[in-house]
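Here the working numbering = 1-based position in the sequence shown + 2.
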Amino acid sequence: MSPDSSSLFGELLAQPSVQRVVPVLVPLPAPGPYSYAVPAGMHVEPGSVVQVPLGPRQVIGVVWDGGKDDRFDPKKLRPITLAFDCPALSAEMRRFIEWVASYTLSPPGLVARMVIRAPAALEPEPMVEGIRYVGGRPERMTPARSRVLDLVGDDVPWTRAGLAHAAGVSTSVVDGLTQQGLFETVFLPPPPVVARPDPDYAPSRIEGPQKDAARDIADLVRNGGFTASLIDGVTGSGKTEVYFEAIAETLRQGRQVLILLPEIALTSSFLERFQGRFGAKPGEWHSDLSPRIREKVWRGIVTGEVQVVAGARSALFLPFENLGLIVVDEEHDPAYKQEDRVFYNARDMAVVRARIGDFPIVLVSATPSVESQVNAQAGRYHLVHLPTRYGEAALPDLHLIDMRKHPPERGGFLSPLLLRAVGKTIERGEQALLFLNRRGYAPLTLCRVCGHRFQCPQCSSWLVEHRFRNQIQCHQCGHSEPTPEACPECGTLDHLVACGPGVERIAEEVERHFPDARTIVMSSDLLGGVKRLRLELEAITRGDADIVIGTQLVAKGHNFPLMTLVGIVDADLGLANGDPRAAERTFQLLSQVTGRAGRTGLKSHGLLQTYQPQHPVMQAIISGDAGAFYEREIIERERAILPPFGRLASIIVSAESRADAEVHARGLRAAAPHVSGIAVLGPAEAPLALVRGRHRFRLLVHGRRNSDMQAFLKTMVTQGPKVRGSVHVQIDVDPQSFL
3 MSPDSSSLFG ELLAQPSVQR VVPVLVPLPA PGPYSYAVPA GMHVEPGSVV QVPLGPRQVI
63 GVVWDGGKDD RFDPKKLRPI TLAFDCPALS AEMRRFIEWV ASYTLSPPGL VARMVIRAPA
123 ALEPEPMVEG IRYVGGRPER MTPARSRVLD LVGDDVPWTR AGLAHAAGVS TSVVDGLTQQ
183 GLFETVFLPP PPVVARPDPD YAPSRIEGPQ KDAARDIADL VRNGGFTASL IDGVTGSGKT
243 EVYFEAIAET LRQGRQVLIL LPEIALTSSF LERFQGRFGA KPGEWHSDLS PRIREKVWRG
303 IVTGEVQVVA GARSALFLPF ENLGLIVVDE EHDPAYKQED RVFYNARDMA VVRARIGDFP
363 IVLVSATPSV ESQVNAQAGR YHLVHLPTRY GEAALPDLHL IDMRKHPPER GGFLSPLLLR
423 AVGKTIERGE QALLFLNRRG YAPLTLCRVC GHRFQCPQCS SWLVEHRFRN QIQCHQCGHS
483 EPTPEACPEC GTLDHLVACG PGVERIAEEV ERHFPDARTI VMSSDLLGGV KRLRLELEAI
543 TRGDADIVIG TQLVAKGHNF PLMTLVGIVD ADLGLANGDP RAAERTFQLL SQVTGRAGRT
603 GLKSHGLLQT YQPQHPVMQA IISGDAGAFY EREIIERERA ILPPFGRLAS IIVSAESRAD
663 AEVHARGLRA AAPHVSGIAV LGPAEAPLAL VRGRHRFRLL VHGRRNSDMQ AFLKTMVTQG
723 PKVRGSVHVQ IDVDPQSFL
């Protein structure tokens, strides 16, 4: 540095009023960051979490990359209000936010909002008041006081409640000793939200193929760098124990782990298995947590105190201090797709985050998605195959019940063959599961006299009867009303009829045939919420139920020791729509459900009621030949240039007026650029043409695998009509739903 430049640098340091300008990404649907002045004396850097004025409000934002901005005079810009005392978002995390925003065509501020969604956690937790023994004896010694003094040692701090609990006395005993000067007040760091897991707490006892697979995956973690692995193992094959060893190796390296689960609020059994292996539960992250716990978990993650997190899809956007492994369990599950504000698939974005961070990711499923199967076949994913169950357990014997030959009795939905199997199962003291992926009592209620059908006033969907709650409800918008006694159209009493079954109606039929059986109905919309569901899962595991009737909640990785019979009430249900993934999803769901049986070695059976016994999905399930099913599905996808061999994007245009939605959708179609290999289908009314009072039109963009779909969509939206009035446009890249 020259003498002149050194002198200039010293002058700048001596001028505390000199301000600089930085870009700040705010949690709004803006196309990019806004510029703010940095007050003198405030230190911020890219990734710093700050509070800034925005209009009349104060909002939380992130200082973004971009360097010095000379276009604005700092004196004319509003200054940053506050820089929070928390670690800055890493360059890796900022790059991930920008990648997700670019791929999903979402405003980067809305993606960043998912990262900093626990505002109260941005400041350090306050210290906890405690006490410390300073010596001396009380004026009068009692047995309670003696127990307290026997526990305390020199310079060992305690909380009042902690010391009282450990000594088996009330806090008033501790307070009395404090008043006599035996304890002084000290301040302690807040206790951790979860204990640190020990990778060697309970070493794995798995043997054979599972042990080889665990060693294989752990070696990839040990070697470092990005790798994507797929553990493809039948239900009950020990997949969880295998990836536990990868977690143990990551913890030995001092790095953090993220485990994504599709239904974290229902997987208490997983948390207990984790605790049995590592001596402590992981931190949880899902919508059922209290705000206070969410804040503590978020703070622990960003500081590195929380080493392992098990969470729902939103956990992917937690700002880990040193993330070293991601596990995506049940990677095929549709619950990983978010369809609100930012449309993303957490499984795919997890692979991107691992690649950006240069660390391993492990995908796990008994029925992997077609996309993951293709990636494994192409060598992009390291494949670990577990074709047999662990230990002495065997897969259930599966059989189809042809409902054309063995129909149910009039007014019923269960074949005599299935009913006999249920009866024999509960006679042996074992459990039966009846699966129907339809909530409520009946999907449609109509008048037998005039034919009136009960439809939601805000949606183009029928109202579902929930007899347990005496309501009819829309499963799209949540509208509900008391179940009527008379037809509102013709006024006729007692002529309303329920059409089709839901789980509540199956429960009614089961009670009629097995009045003494202990029956549990499991559905996400029953009163009591997650707490009730967890208690019911524990009751089933203990054997406190004979017959379980459930929706897809029961298909997600639960281990029921006494479950030896699974009956699928309507195996054809998922095939009756235009979803190109219908066959794949039906195969996955039915395979997962039947896999609940026989996981502890008991002889087990699966019975599938179907009117299409020759359908390829049904034949693949009963034959156990998953490979043949995937081969056929992959060939059909490749022929039709569907994912993963092609690309899809869905555009939903909605408005309060049907005409406004249609005009805007047609304008977008007209603005589509002419690009080889990309076609636009539609617009047409969406299958759900009216949701929450908004009319919906849909366009589907179909391109080849190497198509620049994002550039095409950006041009289409930019050159198309401007959004006005009530019109709203949603873009879903890689859609999972076609409704």
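Ideal Cβ positions, reconstructed from N, Cα and C, are used throughout, including at glycine.
Output needed for residue i: all residues of its chain with C-beta closer than 7 angstroms, excluding positions within five of it in sequence on either side, in chain order.
| i | result |
| --- | --- |
| Ala-584 | Gly-576, Leu-577 |
| Ala-396 | Gly-600 |
| Ala-630 | Ala-622 |
| Val-52 | Val-26, Val-46, Gly-63, Val-65, Ile-82, Leu-84, Ala-85, Phe-86 |
| Gln-182 | Pro-140, Glu-141 |
| Arg-198 | Ala-282, Gln-309 |
According to DSSP, is residue i helix, strand or coil?
| i | result |
| --- | --- |
| Leu-741 | coil |
| His-697 | strand |
| Ala-282 | coil |
| His-408 | coil |
| Arg-667 | The amino acid at residue 667 is misidentified as Arg; the sequence shows Ala. It is helical. |
| Leu-232 | strand |
| Phe-322 | coil |
| Pro-55 | strand |
| Ala-681 | strand |
| Phe-11 | In this predicted model, Phe-11 has a pLDDT of only 36, less than 50, meaning its place in the structure is not dependable enough to derive any value. |
| Gly-705 | strand |
| Asn-347 | strand |
| Trp-66 | coil |
| Phe-98 | helix |
| Thr-187 | strand |
| Gln-340 | strand |
| Phe-86 | coil |
| Gly-132 | strand |
| Phe-714 | helix |
| Gln-181 | helix |
If contacts are defined as beta-carbon pairs under 8 angstroms, then residue i and residue j qualify, I think. What distance do you get, rounded to the angstrom?
| i | j | result |
| --- | --- | --- |
| Ile-219 | Ala-250 | That pair is no contact at about 11 angstroms. |
| Asp-546 | Ile-428 | At roughly 13 angstroms, the Cβ-Cβ gap does not stay under 8 angstroms, so Asp-546 and Ile-428 are not in contact. |
| Asp-710 | Ala-651 | The pair is not a contact, with the Cβ atoms about 11 angstroms apart (cut-off 8 angstroms). |
Using a Cβ-Cβ cut-off of 8 angstroms (strictly less than) and excluding sequence neighbours within five positions of residue i, which residues of its own chain qualify?
| i | result |
| --- | --- |
| Met-620 | Leu-402, Ala-573, Leu-610, Thr-612, Gln-614 |
| Leu-670 | Ile-653, Val-655, Pro-685, Leu-701, Met-718, Val-719, Gly-722, Pro-723, Val-731 |
| Ser-526 | Arg-441, Leu-535, Thr-553, Leu-555 |
| Met-405 | Ser-417, Gln-611, Thr-612, Tyr-613 |
| Leu-421 | His-515 |
| Ala-541 | Ile-522, Ala-547 |
| Ala-688 | Ile-654, Arg-698, Phe-699, Arg-700, Leu-741 |
| Gln-21 | Ala-39, Val-40, Pro-41, Ala-42, Pro-76, Lys-77, Pro-81 |
Between which residues of its own chain and residue i is the CB-CB distance below 6 angstroms, once the five residues before and five after are set aside?
| i | result |
| --- | --- |
| Gln-375 | Tyr-632 |
| Ala-674 | Val-682, Met-718 |
| Pro-563 | Thr-602 |
| Asp-331 | Leu-263, Val-366 |
| Pro-35 | Pro-25, Val-26, Leu-27, Trp-66 |
| Thr-494 | Val-451 |
Give a single yes or no on whether residue i has its beta carbon closer than 7 angstroms to a heavy atom of the ligand HEM.
| i | result |
| --- | --- |
| Ala-312 | Absence of the ligand HEM is noted for the structure shown, with no ligands found whatsoever. |
Count the other CB atoms, across all protein chains shown, that sit within 10 Å of the CB of residue i; report buried if there are 16 or more and exposed otherwise.
| i | result |
| --- | --- |
| Glu-640 | exposed |
| Ser-659 | exposed |
| Asp-2 | Beyond the ends of the chain as shown, which are 3 and 741, falls residue 2; an answer cannot be given. |
| Ile-637 | exposed |
| Asp-736 | buried |
| Thr-369 | buried |
| Lys-241 | buried |
| Phe-246 | buried |
| His-607 | buried |
| Gln-311 | The sequence shown places Val at residue 311, rather than the Gln named in the question. Its Cβ being crowded by 16 or more others within 10 Å, Val-311 is buried. |
| Leu-232 | buried |
| Glu-487 | exposed |
| Ser-9 | Summary for Ser-9: the model assigns pLDDT 42, below 50, so the residue's position carries little reliability, and this model does not support an answer. |
| Tyr-203 | exposed |
| Arg-696 | buried |
Inset, instruction - Please determine if the stretch 110-125 and the stretch 149-164 are in contact, where contact requires at least 3 C-beta pairs separated by less than 8 angstroms. - result: With the cut-off at 8 angstroms, the stretch 110-125 and the stretch 149-164 do not touch.
Inset, instruction - Evaluate the contact criterion for the stretch 167-175 versus the stretch 206-213: three or more CB pairs, one atom per stretch, below 8 angstroms. - result: With a cut-off of 8 angstroms, the stretch 206-213 and the stretch 167-175 do not count as touching, because too few Cβ pairs lie within range.
Legend entry - Three or more C-beta pairs below 8 angstroms linking the stretch 347-361 and the stretch 386-393: The answer is no - the stretch 386-393 does not touch the stretch 347-361, with fewer than three Cβ pairs under 8 angstroms.
Legend entry - Segment contact, 8 angstroms Cβ cut-off, at least three pairs: the stretch 87-95 with the stretch 38-50: Short answer: they touch.
Inset, instruction - Decide if the stretch 498-510 is in contact with the stretch 441-451; the criterion is three or more beta carbon pairs, one per stretch, under 8 angstroms apart. - result: Because the criterion of three Cβ pairs below 8 angstroms is met, the stretch 498-510 and the stretch 441-451 touch.
Legend entry - the stretch 179-192 / the stretch 119-138 touching (three or more Cβ pairs under 8 angstroms): Yes, since at least three Cβ pairs between the stretch 179-192 and the stretch 119-138 fall closer than 8 angstroms, the two stretches touch.
Legend entry - the stretch 173-180 touching the stretch 112-124, judged by at least three CB pairs closer than 8 angstroms: Three or more beta-carbon pairs separated by less than 8 angstroms are not found between the stretch 173-180 and the stretch 112-124, which leaves the two stretches without contact.
Inset, instruction - Flag this pair as touching only if the stretch 455-462 and the stretch 476-494 have three or more C-beta atom pairs under 8 angstroms; answer yes or no. - result: Three or more Cβ pairs drawn from the stretch 455-462 and the stretch 476-494 lie within less than 8 angstroms of each other, which places the two stretches in contact.
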